[in-house]
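> As they're listed, the protein sequences go chains R and L. Per this note's numbering, numbering of the first sequence is gapless, rising by one per residue and ending at 189. Per this note's numbering, numbering of the second sequence is gapless, rising by one per residue and ending at 117. A virtual CB, placed ideally from N, CA and C, is assigned to each residue, including glycine. First, the structure itself, so that you have it in front of you.
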Amino acid sequence: AQSVAQPEDQVNVAEGNPLTVKCTYSVSGNPYLFWYVQYPNRGLQFLLKYITGDNLVKGSYGFEAEFNKSQTSFHLKKPSALVSDSALYFCAVREATSGTYKYIFGTGTRLKVLA
Amino acid sequence: DVKVTQSSRYLVKRTGEKVFLECVQDMDHENMFWYRQDPGLGLRLIYFSYDVKMKEKGDIPEGYSVSREKKERFSLILESASTNQTSMYLCASSSPGPIGDTQYFGPGTRLTVL
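If you want it as structure tokens, here you go:
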């Protein structure tokens, strides 16, 4: 069975500091991994994805994520946080050859960047 | 840009009413999804559809049904609304392919059932 975990409900970071939002997953084969961001009263917006290839994936707004197969992780990172990065972040996974387009989403991590 | 629109941003209904939530996408995507979002529970899949007139149950289909008569439109129906269906409802669409099927989300409908 597929699953995804975001172990932190909330992450606080000072503006200008690096940030990390954690995600671990479980699939039986190779994963497709996504990060989405949700700003207040908005739908989810795509940030980045890992399908195959380079383990370091770069996405929108200066975010990046590193796929680590041995640790089954896909942590979201940014070198220097902005107050405007404050939002709710979701990790999502599905198994690449599962034959379904159904994704499993994490419970979300609220990022607060403090000025 | 992909655009997914939902018929209402906010909706207030009474217990027992039949409720229709409409979703329209303009990118000719084959796949469409309905999720509900609740604090601490993340997004949970209610129903999804791979094609016109096709539907599959997600993780929490009880109390809901769906309709997809046209490729661009996917409707979620609450046959008899209950207070525990108060939630944020999100629609999404995607197109299958070898580069990964990114989902594009609508703005959401916040439904309150009194």
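Check whether the Cβ atoms of R/Phe148 and R/Tyr110 lie closer than 7 Å to each other.
Their beta carbons are not under 7 Å apart, which means R/Phe148 does not touch R/Tyr110 by this criterion.
> Using a Cβ-Cβ cut-off of less than 9 Å, give me the residues of the region 150 to 181 of chain R that come near chain L, in sequence order.
Correct list: Phe164, Ala166, Arg168, Ala170, Thr174, Tyr175, Lys176, Tyr177, Ile178, Phe179, Gly180, Thr181.
> If the cut-off is 8 Å on Cβ atoms, which residues from the region 113 to 135 of chain R count as contacting chain L, listed in chain order?
Listed in sequence order: Asn115, Arg116, Gly117, Leu118, Gln119, Phe120, Lys123, Ile125.
> What number of angstroms, rounded off, separates the C-alpha of R/Leu188 from the C-alpha of L/Lys58?
Approximately 44 Å, taken between the alpha carbons.
> What does L/Ser44 reach in chain R if we use C-beta pairs closer than 8 Å?
In the sequence on display, residue 44 of chain L carries Leu and not Ser. Those are Thr181, listed as they occur along chain R.
> So the candidates are R/Leu162, R/Pro114, R/Phe137, R/Asn115; which of them puts its Cα closest to the Cα of R/Leu122?
Considering only alpha carbons, the answer is R/Phe137.
> Just curious, the beta strand (DSSP E) that R/Val85 is in, first and last residue?
Per DSSP, R/Val85 belongs to the beta strand (DSSP E) from 84 to 88.
> Return the Cβ separation of L/Asn34 and L/Ser97 in integer angstroms, given the expectation that the two are a contact with Cβ distance under 8 Å.
About 5 Å separates the two Cβ atoms, so the contact holds.
> Quick one: give me the first and last residue of the beta strand (DSSP E) that L/Gly45 is part of.
L/Gly45 -> beta strand (DSSP E) spans 45 to 52.
> Do the region 24 to 40 of chain L and the region 102 to 116 of chain L make contact, defined as three or more Cβ pairs closer than 8 Å?
A contact exists between the region 24 to 40 of chain L and the region 102 to 116 of chain L.
> Beta carbon of L/Ser90, beta carbon of L/Arg17: below 7 Å?
No.
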